[in-house]
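For the sequence shown, this note's numbering gives the first residue as 430, with consecutive numbering after it. To keep things clear, I will list the structure first and then write my remarks on it.
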Amino acid sequence: MKSTIFYRIGLACIMAASTLSLQAKDYQAVVFGAKSDGITLNTRAIQRAIDHIAAEGGGRLIFTVGRYRTGAIRLKSNVTIHLGGGATLVASSSIYDMLNDDMPPALISAKGQKNIAITGSGVIEGNSDALISSCTDQIQKGYLQKKDVPAANYASARSDGKEGMVPALVYLEDCSEVNIKNFIIQNVPNTAVIFNNCKKVKMDKVNFFQLHGNLPIVNFNSTETSFNGIYVDDKTRKNTIVTTFTTSNNTK
430 MKSTIFYRIG LACIMAASTL SLQAKDYQAV VFGAKSDGIT LNTRAIQRAI DHIAAEGGGR
490 LIFTVGRYRT GAIRLKSNVT IHLGGGATLV ASSSIYDMLN DDMPPALISA KGQKNIAITG
550 SGVIEGNSDA LISSCTDQIQ KGYLQKKDVP AANYASARSD GKEGMVPALV YLEDCSEVNI
610 KNFIIQNVPN TAVIFNNCKK VKMDKVNFFQ LHGNLPIVNF NSTETSFNGI YVDDKTRKNT
670 IVTTFTTSNN TK
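Below you can see the structure in the form of structure tokens.
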């Protein structure tokens, strides 16, 4: 009788563990040391979290209420950045925090990754004026040369026409199974989202506010794409989404 009871208890524990293992894992950004004070530079903490989640097989990195200042971060396969309500990912005001060794500067980037996503009802803050000023200042002082950044990311986005090497907010290259959904992108310093040679891309219910310059908001060179529910507050802008190559796309 006792052996039967122990057997049933053990079986129940195994089934419970199996059920938990099938659920997507959530990881809180603050557990990895990210600060939501809008001042602390969280680049290393956020990247450490992404690397850990990828090594564990994937899951969601959750940002709760607050402002998380960060430089360039790399998204990896099977990882979702989830911006909860009231959470804002804020681009650093320094161009040096945005430079990537092998890709154009961007707040969030990925190369050759699969099953990646940015979701939630939060905000990505591009910190446009500060970043453009940083770019222009460093070029004028001779500390930064145009050759340091791919030409695709130059933009005359300032009202005075001065040129700067301005980061995109999201730059994805050679990625597949990409889901960009629901959040707000504001204070865009350059083309906000760039998909370069990606496939199976879905972008749904993303809102763009406070745009600068006359650059396209989304630029994609990808296949099997779907863009739905894109809202742009600048109604005069006609080049919201620019495609250079696609075999199947739906824009609304």
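A virtual CB, placed ideally from N, CA and C, is assigned to each residue, including glycine.
Quick check on D663: does DSSP put it in helix, strand or coil? DSSP places D663 in the coil class of the three-state scheme, outside both helix and strand.
Ends of the alpha helix (DSSP H) at H481? From DSSP, the alpha helix (DSSP H) with H481 extends over T472 to A484.
Rounded separation between I568 and P533 - CA only: Straight through space, the alpha carbons of P533 and I568 are spaced by roughly 17 Å.
For V595, does the three-state DSSP call read helix, strand or coil? Three-state DSSP puts V595 in coil, outside helix and strand.
Beta-carbon spacing of G551, G515 below 9 Å: The answer is yes: Cβ separation under 9 Å.
What are the boundary residues of the beta strand (DSSP E) that L644 is part of? Taken as a continuous stretch (DSSP letters only), L644 belongs to no beta strand (DSSP E), as it is neither H nor E.
Name the DSSP beta bridge partners of I547, please? I510 and I609.
Secondary structure of S465, DSSP reduced to three states: Taken through DSSP and simplified to helix, strand or coil, S465 comes out as coil.
Leaving out the 5 sequence neighbours to the left and right, which residues in its chain are closer than 7 Å to R498 when beta-carbon positions are compared? Cβ neighbours of R498 beyond the five flanking positions: G467, I468, T469, L470, N471, V519 and S521.
Start and end of the beta strand (DSSP E) containing C627? DSSP places C627 in the uninterrupted beta strand (DSSP E) bounded by V622 to D633.
Contact under 9 Å by Cβ, V671 with V647: Less than 9 Å divides the Cβ of V671 from the Cβ of V647.
Inter-residue Cα distance where the pair is D480 and R473: Taken atom to atom, the span from the alpha-carbon of D480 to that of R473 is near 10 Å.
Considering only DSSP beta bridges, list what A516 is partnered with. DSSP output for A516 lists G495 as bridge partner(s).
Going by C-alpha to C-alpha distance, which of A559, K628 and C627 sits closest to P596? Of A559, K628 and C627, the smallest CA-CA separation from P596 is found for A559.
Opposing strand residues paired with V617 [DSSP bridges]: In DSSP, V617 forms a bridge with L640.
Span separating the alpha-carbon of A584 from that of H641: Only weak support exists for where A584 lies, its pLDDT of 42 falling under 50; the value from the coordinates is given anyway. Going by the C-alpha atoms only, they are around 10 Å apart.
Top-ranked residue by Cα proximity to M632, from V607, Q476, P618 and D566: Taking only the C-alpha atoms, the option nearest M632 is V607.
Could you tell me if Q615 is buried or exposed, where buried requires 16 or more neighbouring beta carbons within 10 angstroms of its beta carbon? When all chains shown are included, Q615 counts as buried.
Closest Cα partner of R489 within the set N611, T565, N507 and T620: Nearest of N611, T565, N507 and T620 to R489, Cα basis: N507.
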